[in-house]
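Trainee:
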Amino acid sequence: MKCTIATISGDGIGPDVVAEAVKVLRTVARVSGFTVEFVASPMGGAAIDATGSPLPESTLEACRSADAVLLGAVGGPRWDSLPGNLRPEAGLLGLRAAMGVYANLRPARIFTELAAACPLKPEIIAGGLDLLIVRELTGGIYFGERGTSPDGEAAWDTERYTKAEIERLLDIAYRAARSRKRKLCVVDKANVLESSRLWRQRARDVAARYPDVETSFMYVDNCAMQLVRNPGQFDVIATSNMFGDILSDEASMITGSIGMLPSASIGDAGPGIFEPIHGSAPDLAGKDQANPLATILSAAMLLSYGLGRGAEAALIERAVSSVLAAGRRCADIATGAAGEIVLGTRAMGEAVVRAIER
Ligand code: IPM
Ligand code: MG
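Following this note's numbering, the numbering of the sequence shown begins with 12 at its first residue and continues without gaps.
(1) Can you give me the C-alpha to C-alpha distance between P273 and L93, rounded to a whole angstrom?
(2) Give a single yes or no on whether D22 has its beta carbon closer than 6 angstroms to a heavy atom of the ligand MG.
(3) State buried or exposed for A348, treating a residue as buried only when at least 16 other CB atoms are found within 10 Å of its CB.
(4) When you measure from the CB of E100 to every non-hydrogen atom of the ligand IPM, does any distance come out below 6 angstroms?
(5) Is it the case that the stretch 223–242 contacts the stretch 174–182, given that we only count it when at least three CB pairs across the two stretches are under 8 angstroms?
(6) Could you tell me the alpha carbon to alpha carbon distance between R37 and Y316, rounded to whole angstroms?
(7) So does D168 have its beta carbon nearer than 6 angstroms to some heavy atom of the ligand MG?
(8) Are L195 and V247 closer than 7 angstroms when you measure CB to CB?
(9) Would you give the residue range spanned by the beta strand (DSSP E) that P118 belongs to?
(10) Going by the C-beta, is L143 closer than 6 angstroms to any heavy atom of the ligand IPM?
(11) Could you give the distance in angstroms between the alpha-carbon of A262 and the alpha-carbon of A119?
(12) Helix, strand or coil for V353 per DSSP?
(13) At a cut-off of 6 angstroms, is D256 close to the ligand MG when judged by its beta-carbon and the heavy atoms of the ligand?
(14) Spatial neighbours of L140 within its chain, please: CB distance less than 7 angstroms, with the 5 preceding and 5 following residues excluded, ordered by chain position.
(15) Which complete beta strand (DSSP E) runs does the stretch 82–156 hold, if anything under 3 residues is left out?
(16) Can you grab the Cα-Cα spacing for the pair A114 / N302, in whole Å?
(17) What's the gap between the Cα of G281 and the Cα of A358?
(18) Just tell me which of I269, K200 and G290 has its CA closest to the CA of A249.
(19) Does the Cβ of L326 lie closer than 6 angstroms to at least one heavy atom of the ligand IPM?
(20) Between V197 and F228, is the Cβ-Cβ spacing less than 7 angstroms?
(21) Compute every distance between the C-beta of I288 and the non-hydrogen atoms of the ligand IPM, then say whether any falls below 6 angstroms.
(22) Quick one, are the C-beta atoms of A336 and E124 less than 7 angstroms apart?
(23) Between R320 and the rest of its own chain, which residues show a CB-CB distance below 6 angstroms, the 5 nearest in sequence each way excluded?
(24) Nearest to Q212 by alpha carbon, out of A61, A165, E178 and F254?
(25) Based on the DSSP secondary-structure assignment, which residues constitute the bridge partners of G21?
Following this line, the structure appears as structure tokens:
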């Protein structure tokens with residue numbers, strides 16, 4: 012079987028980390044006996060420089076005709092002064108919307124080998140951490156009406172959700188909960204926001220279809236606090252686009268570093284987008300310092316969610332665990348403990364490749 016993966020390296024450390032994930036995917040394909048072809052396209056700042064547009068039509072075409080999309084990161088100070096709709100980030104948001112990937116799955120779990128990199132007290136994570144944030148990705152304030160008044164004295168963005176957008180996201184979250192610990196927490200700001208009250212209303216109805224899953228509700232400010240007080244209480248968190256963006260950065264740090272968290276963006280049909288949750292870290296670009304593991308773990312999600320190859324995904328996850336168990340660390344997850352060997356981006360990618368080959 013042959014599959015085609017569209018790659019978008021993007022900006023900053025994007026090219027550094029995507030290169031390692033591609034090596035890992037090639038290795039998995041070779042040892043498991045399938046053929047994989049990579050088609051690289053520009054997006055974000057790189058595409059602005061090359062074509063004037065953050066999301067060229069040819070990139071969208073390449074993504075639509077692929078089996079899955081592997082993405083690095085976009086953005087950087089060079090493009091910060093551009094108007095919003097021409098910024099690198101507009102390319103990413105446009106791609107997510109055009110591909111219809113409305114559900115963004117962001118698992119945060121602590122590799123036992125990395126427990127020392129968690130900034131929380133050991134007793135807080137004694138029970139481990141394994142939660143899944145299901146973030147709505149193509150609606151809400153990211154896509155609502157926005158504007159600036161003619162005199163420049165005011166600006167606004169609108170949080171707007173339809174019942175259908177909420178329900179389809181919750182369906183994915185409930186199905187994910189069914190394959191996990193069967194607990195779903197809907198996170199919102201229903202004490203203030205009308206749109207959050209619609210989330211709660213829809214959640215009560217959708218919950219009735221999943222009686223085997225325990226549903227709870229939490230305000231987002233409380234959730235931000237509970238995540239550092241007792242993160243073990245969560246299984247699946249379902250939330251809006253912006254709350255999910257913020258909470259997933261917070262959850263990532265509990266696992267040791269934002270350099271560890273992968274994500275899968277999926278819709279009802281068509282190829283998914285698989286990308287680390289971290290940004291483009293322009294100061295680290297091209298220095299062989301970025302941690303490629305979030306992108307390598309995103310490649311594992313690509314195999315399981317995107318290509319239906321769970322066994323091959325497990326191969327990558329086991330390889331990452333064994334590399335960590337051998338004390339291999341990138342700088343962001345190093346604690347200075349005895350036995351640690353700090354690796355650059357390429358050496359970390361190589362270490363995972365060799366672990367898969369064994
Ligand atoms: C993320 C990022 C993006 C987002 C940015 C780069 C637009 O922070 O994927 O979490 O906010 O969705
Ligand atoms: Mg983010």
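Just so it is clear, CB atoms sit at the ideal spot from N, CA and C, and this is done for glycine as well.
Mentor: The short version:
(1) In a straight line, the C-alpha of P273 is about 28 angstroms away from that of L93.
(2) Remark: the C-beta of D22 is outside contact range of the ligand MG, defined as less than 6 angstroms to any heavy atom.
(3) Label assigned to A348: exposed.
(4) Yes, since a heavy atom of the ligand IPM falls inside the 6 angstroms radius drawn around the Cβ of E100.
(5) Judged by Cβ distances under 8 angstroms, the stretch 174–182 makes no contact with the stretch 223–242, as fewer than three pairs qualify.
(6) Counting only the Cα atoms, Y316 lies some 18 angstroms from R37.
(7) No; taking the cut-off as 6 angstroms, the Cβ of D168 has no heavy atom of the ligand MG nearer than that.
(8) The answer is yes: Cβ separation under 7 angstroms.
(9) First-last of the beta strand (DSSP E) with P118: A114 to R120.
(10) Because no heavy atom of the ligand IPM lies under 6 angstroms away, the Cβ of L143 does not count as near it: no.
(11) When rounded, the distance between both Cα atoms is 6 angstroms.
(12) It is a strand residue.
(13) Indeed, a heavy atom of the ligand MG lies less than 6 angstroms from the Cβ.
(14) Scanning its chain for C-beta atoms nearer than 7 angstroms, with the 5 sequence neighbours on each side dropped, one finds around L140 the residues A119, R120, I121, P242, G243, I265 and T266, in chain order.
(15) Along the length of the stretch 82–156, whole beta strand (DSSP E) runs at least 3 residues long occupy 114–120 and 141–147, reported in chain order.
(16) Rounded to whole angstroms, the separation of the alpha carbons of N302 and A114 is 25 angstroms.
(17) Looking at the two C-alpha atoms, the distance is approximately 34 angstroms.
(18) Residue nearest to A249 within the set I269, K200 and G290 is K200 (criterion: CA-CA distance).
(19) Not under cutoff, so the answer is no.
(20) Between V197 and F228, the gap from beta carbon to beta carbon is short of 7 angstroms.
(21) Residue side-chain check: I288 places its Cβ nearer than 6 angstroms to a non-hydrogen atom of the ligand IPM.
(22) With a cutoff of 7 angstroms on beta-carbon distance, A336 and E124 are scored as near each other.
(23) Counting only Cβ-Cβ distances below 6 angstroms, and skipping sequence neighbours, we find L314.
(24) Considering only alpha carbons, the answer is E178.
(25) G21 pairs with A84.
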